[in-house]
Structure formats: C-alpha cells, structure tokens
Amino acid sequence: MNTTYPDMTDIALRKIEMLKIVAHPVRLRILGELVKGVKCVSDFEEFLEVSQPNISQHLSLLRKAELIDFYVDGRLKCYFLKDPIIPDLIELLKKEYEEDLPAPACCPVTRKGKYPGSRNR
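Quick note: the sequence shown, position 79, residue 79 per this note's numbering, numbers continuous.
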C-alpha cells in the first residue's frame, strides 16, 4: 500500500515516476530521436553534444524505467522504444496548447474563441 500518497493508485504513481524521468532535456531529446527509429550510442553523441558517459547514464535511467531497451549488433548497442506510450507523450509535449485546443462551447466568452483567462489589453 502507498503510504506517501494514500489516495493514489500504484498505476498513478508509476506514471508520475515515468514523467519525472522523462522531464529532463537530454532524456527528452533521446526519446524524441528514438521515436524516429533505432539509434546507437554514437548517434546520440552526434546530436546531443554531451559526453558518452553522460549519455550512458541517461540511457541507463530510461532502461531502468522500462521506457527503452537495446539489442547488440556486433559491437554496437542499438536502443529502441519499449513503452508504446512514448511517441504519443512526445507529440503531446510538442503542442502549443492555447492555439491547438478548441474553446469549449459552454462559456459565452469562449464562444469567441478565447479562453476566459486571456485578455487583450
């Protein structure tokens, strides 16, 4: 049983932990690249511009969280997405919400296409 947050289910807590792991610029970029396809460590070094040991630490955290996995191809470790929710999560994080979300029809102010909190001055 969860004693820290008694109202939360184990599933909700696992999702929170996943979001904590994803919420790092380097790990987010790694996942964004893996959405495009399998990558090896040298691929990550090219576009991340961080050291190989640092990349390995991030990959290790993502593996422990079961978000990614790898296979060995000769001398290369090839990483791929393991969790099928990651592409949707990455896409969701790319959105500009105020522009992309439709205004709800329930409020007279929003029928004009504006959110209640946004004001033109």
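From the three backbone atoms N, C-alpha and C, an ideal C-beta is built for every residue, glycine too. Computed from a predicted structure; not experimentally measured.
Exercise. Tell me, to the nearest whole angstrom, how far the beta carbon of L48 is from that of R27; I am working on the premise that it is less than 8 Å.
Key: About 10 Å; that fails the 8 Å criterion.
Exercise. Compute the beta-carbon to beta-carbon distance between I86 and L13, rounded to the nearest angstrom, for a pair I have assumed lies under 8 Å.
Key: The Cβ separation is near 19 Å, so there is no contact.
Quiz item: Over what stretch of residues does the alpha helix (DSSP H) that includes I11 continue unbroken?
Solution: That run of the alpha helix (DSSP H) goes D10 to V22.
Quiz item: Would DSSP call D7 helix, strand or coil?
Solution: Coil.
Quiz item: So, are the CB atoms of M18 and A65 less than 8 Å apart?
Solution: Yes; because the gap between Cβ atoms is below 8 Å, this pair is in contact.
Quiz item: What's the C-alpha gap between E45 and L89?
Solution: E45 and L89: Cα-Cα distance of roughly 23 Å.
Quiz item: So what does DSSP say about I85, is it helix, strand or coil?
Solution: In the structure shown, I85 sits in coil (DSSP, three-state: anything other than H, G, I, E or B).
Quiz item: Expressed to the nearest angstrom, what Euclidean distance is found between the alpha-carbon atoms of L93 and R63?
Solution: About 21 Å.
Practice problem: Can you grab the Cα-Cα spacing for the pair R121 / K95, in whole Å? | Solution: Bear in mind that a pLDDT of 45 at R121, under 50, signals an unreliable position, so the model cannot answer this.
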